[in-house]
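Trainee:
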């Protein structure tokens, strides 16, 4: 578990540090991708709302909010 120090390229990255365990990829069985949004297009594919394209690829994480059992130990990955 090493600490990664940022190289100062901008004032906001000065004195910045990140734990390397956080940077590791999450478990694949807890992550899924959804269908991309329509980006401002209707059912015919015609742009109806401008300036709404592109965007970064997004992944969604499955979280079980209804855990009723008590005293279960777990780790957030």
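Numbering (full-length UniProt numbering), first residue to last: 1 to 77. Note that the Cβ used here is the ideal one computed from N, Cα and C, for glycine as well.
In the structure shown, what three-state DSSP assignment does residue 5 receive?
Mentor: Translated into the one-based positions of the chain shown, residue 5 becomes position 5. Residue 5: strand per DSSP, three-state reduction.
Trainee: Could you give the C-beta distance for residue 33 and residue 52, rounded to a whole number, given that I count them as a contact under 8 Å?
Mentor: The residue you call residue 33 lines up with position 33 of the chain shown. The residue you call residue 52 lines up with position 52 of the chain shown. Not quite, the Cβ-Cβ distance comes to about 19 Å (not below 8 Å), so this is no contact.
Trainee: Look at the alpha carbon of residue 72 and the alpha carbon of residue 58, and state the distance between them as a whole number of angstroms.
Mentor: As a first step, residue 72 is located in the chain shown; it is residue number 72 there, counting from the start. As a first step, residue 58 is located in the chain shown; it is residue number 58 there, counting from the start. For residue 72 and residue 58, the distance between alpha carbons rounds to 30 Å.
Trainee: Relative to the C-alpha of residue 37, which candidate in 27, 4 and 55 has its C-alpha closest?
Mentor: The count along the chain shown starts at 1 and reaches residue 37 at position 37. Answer by Cα proximity: 55.
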